[in-house]
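Quick note on UniProt numbering: the sequence shown kicks off at 1 and runs consecutively.
Structure record follows, encoded as structure tokens.
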Amino acid sequence: MAKEVIKLIGIEMSFADKTLFHTDKLIGHIGEVIGIVGNNGVGKTTLLNIICGNTKSTKGRIICDVLCKKFDQNWFSNNNYTNLNHSAGEQQRDFLYKMLCTKQGCLLLDEPTNFMDIQTRENLIKTIKSYKNGIIIIASHDRYFLKNVVTKIWDIENKEIREYIGTYEDYEKQKELHLLKQQYEKEEYIREKKHLETIILNNKEQRLRLEKNKNKKSFEKPSRLAATKDKSTAVKRIDRTIKNVEKRLDSLGEINDIPIVQTIHFPEGNFRELHNKYPIRAELLNLYYEDKQLLKDVSFQFANKLKIAITGKNGSGKSTLIKNILDNHPNIILSKMVKFSVFKQFYFEVSSTKNLINYLQEDSNFSRQDIINLLRDIGIDASLLNVPINKLSGGQRTRIELLKVFIKDANVVILDEPTNSLDMISIRALEVLIKNYPGLVIFVSHDMEFVKNCADEIYTIENKTLKRYK
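Following this line, the structure appears as structure tokens:
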């Protein structure tokens, strides 16, 4: 057994009397690569900060026998590491490799693959696999990356940190079984709650009838007072039954919602149809960024209804190509009926006081009921329909903004690096939205698991050309 170097014992983290997460015991060993997963806002970064000593937990203690170093998305300012001759992804790569070169101690990595292109990500995977004399703990939503490096998962869900031993694929299988168990328990809970509520209702109705009869007979002859007394006893018995059942009902407590995204059904008749087989084409397209040529004499045609992925190294011209499609560059031919809907991360109406349903119905032909059905499909409960946007969680707002893009009065959806900063449930919701959308979808991504799950055709920009790989 490898040496234990990190122990988290009885850790609990709370803010303003609200528990963020807790765990009885977690142990990290030399040679392990531990992935921390969970939806946005559950406390992944906070857990990393507790381990490295930047944040003190509310309860519990940490025993750490190695030096910890943390890498996160604030590394530019924290380390004064800037190089104007390199892109953000390149600077991030260089700084991270410097940390990994120590090859000992504990490295804490917070979303390390954000902004990394595919090749840089592959190099990072190789480097992490060679880190044998220390321990690496990674908070990430990048499934492809996690599948290739982790040996253990710490999953934060429902304020509890659960440990899953093995690869990320092992975790997914165990997690699926856990979710099925949760779903069964929830169904049992709903059945039992309904059963107890029915018992209480029936007993209250019976009590009401007895009280009415008792009041009627209080004016009758003394010979009938014995019957009235019997009814008083019956009322008391019913009261005891109600009280006991209410105790059982209270003991059930509450059960957490289980957001599961499986499939989505876009209703027919609400979609702006395109009749052109190739609604977006380019002929001898040349694109530049300042003085640098990115694409040279490129021709392509994107077929209607397909899901198109555009990949390539950082700085190769992916976002520039998207911008020029949207701006209708002279060498890009768009069908006259093309209408775009664009997903822009971090542009959510987080301060909006509009309620959820009114916000989604803006610029959409979908009926209220259609929207309610789609919200259910992406794991948003109908009880939130009238809640203001600014009162929803970050993960809920993200899924709502994604849905808004796909129900807009449009027929071509454009997404530029949509999975950056999305949590797992939002990524799965996005995958289902893309696969079931009845129009054309064009997306830029370095997330190979996401690309594999969604794309009908994959294009890569390299050497100033646009090559199709699928």
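Using N, Cα and C, we set each Cβ at its ideal position, and we do this for glycine too.
Cβ-based neighbour list, residue i, same chain, cut-off 8 Å, excluding 5 preceding and 5 following
{"i": "I199", "result": "T241 and V245"}
{"i": "N85", "result": "For N85, the predicted structure reports a pLDDT of 49, less than 50, and the residue's modelled location is therefore unreliable. A value from the coordinates is still provided. Around N85: no qualifying Cβ."}
{"i": "A234", "result": "L210"}
{"i": "A382", "result": "I372, L375 and R376"}
{"i": "R368", "result": "I357 and Q361"}
{"i": "E283", "result": "S299, N331 and I333"}
{"i": "D363", "result": "K408 and D409"}
{"i": "L326", "result": "F340, V342 and I414"}
{"i": "T45", "result": "D72, D110 and A139"}
Where residue i sits in the DSSP three-state scheme
{"i": "A2", "result": "coil"}
{"i": "A429", "result": "helix"}
{"i": "N39", "result": "coil"}
{"i": "T465", "result": "strand"}
{"i": "S393", "result": "coil"}
{"i": "H29", "result": "strand"}
{"i": "H22", "result": "strand"}
{"i": "C454", "result": "helix"}
{"i": "R272", "result": "coil"}
{"i": "N324", "result": "helix"}
{"i": "E211", "result": "helix"}
{"i": "E205", "result": "helix"}
{"i": "K44", "result": "helix"}
{"i": "K69", "result": "strand"}
{"i": "C101", "result": "coil"}
{"i": "K354", "result": "coil"}
{"i": "I372", "result": "helix"}
{"i": "E111", "result": "coil"}
{"i": "I199", "result": "helix"}
{"i": "L306", "result": "coil"}
{"i": "D17", "result": "coil"}
Option in the options with minimal Cα separation from residue i
{"i": "N39", "options": "E449, F450, N453 and L422", "result": "L422"}
{"i": "S393", "options": "G379, F406 and V405", "result": "G379"}
{"i": "Q182", "options": "E431, V33, E157 and E169", "result": "E157"}
{"i": "I128", "options": "D327, L100 and H141", "result": "L100"}
{"i": "K175", "options": "I161, Q119 and E187", "result": "I161"}
{"i": "F343", "options": "L374, Y288 and I407", "result": "I407"}
{"i": "L294", "options": "E283, A282, P112 and K318", "result": "K318"}
{"i": "F271", "options": "S232, K59 and K339", "result": "K339"}
{"i": "F15", "options": "E32, L48, Y144 and K56", "result": "K56"}
{"i": "L402", "options": "T419, D117, C52 and K305", "result": "T419"}
{"i": "V412", "options": "N358, Y189 and K336", "result": "K336"}
{"i": "L166", "options": "K159, K126 and V149", "result": "The sequence shown places Gly at residue 166, rather than the Leu named in the question. Ranking K159, K126 and V149 by Cα distance to G166 puts V149 first."}
{"i": "K354", "options": "R368, L385 and Y288", "result": "L385"}
{"i": "A455", "options": "K391, F443 and F21", "result": "F443"}
{"i": "L334", "options": "N436, I357, K3 and R281", "result": "R281"}
{"i": "L208", "options": "N54, I400, D239 and S364", "result": "D239"}
{"i": "K147", "options": "D409, K132 and E122", "result": "E122"}
{"i": "T23", "options": "D155, V33 and R468", "result": "D155"}
{"i": "D447", "options": "F266, G28, R428 and N463", "result": "R428"}
{"i": "G312", "options": "N286, I461, G31 and Y184", "result": "I461"}
{"i": "D370", "options": "I400, P267 and N324", "result": "P267"}
{"i": "K435", "options": "I264, N314, P388 and K323", "result": "I264"}
Close Cβ partners of residue i (< 6 Å) along its chain, the five nearest in sequence each way excluded
{"i": "Y171", "result": "I153 and Y164"}
{"i": "L8", "result": "L26 and I62"}
{"i": "Y278", "result": "Q301 and A303"}
{"i": "N114", "result": "N420"}
{"i": "T19", "result": "K159"}
{"i": "Y459", "result": "I310, L466 and R468"}
{"i": "V66", "result": "V5, G105 and C106"}
{"i": "I11", "result": "T23, S57 and G60"}
Residue i at chain B interface by Cβ criterion, 8 Å
{"i": "G439", "result": "The chain inventory of the structure shown lacks chain B, comprising one protein chain alone."}
Identified DSSP bridge partners for residue i
{"i": "F300", "result": "A282"}
{"i": "L287", "result": "L295"}
{"i": "T311", "result": "T460"}
{"i": "V342", "result": "I414"}
{"i": "C64", "result": "I6"}
{"i": "E362", "result": "Paired residue(s): none; E362 is not in a bridge."}
{"i": "K59", "result": "E12"}
{"i": "L334", "result": "I280"}
{"i": "P388", "result": "N355"}
{"i": "residue 472", "result": "This structure gives no information on residue 472, because the portion of the chain shown stretches from 1 to 470."}
{"i": "C52", "result": "According to DSSP, C52 bridges with nothing at all."}
Close beta carbons around residue i, own chain, < 7 Å, minus the five adjacent residues each side
{"i": "M424", "result": "V37, N39 and H141"}
{"i": "E449", "result": "R143 and Y144"}
{"i": "L252", "result": "Y189, E192 and K193"}
{"i": "G395", "result": "N39, N40, G41, D423, I425 and S426"}
{"i": "E187", "result": "none"}
{"i": "T320", "result": "L287, Y289 and L294"}
heavy atom of the ligand NAP below 7 Å from residue i C-beta
{"i": "G439", "result": "Only the bare structure without any ligand can be found here, which leaves the ligand NAP out of the picture."}
Taking the runs of the alpha helix (DSSP H) that are 4 residues or longer, which of them lie wholly in the segment 396-448? With a minimum length of 4 residues, the unbroken runs of alpha helix (DSSP H) contained wholly in the segment 396-448 fall at 424-436.
As an exercise, report each continuous alpha helix (DSSP H) stretch of at least 4 residues that is fully enclosed by the segment 116-193, in chain order. Within the segment 116-193, the complete alpha helix (DSSP H) segments at least 4 residues long are 118-129 and 143-149, listed from N- to C-terminus.
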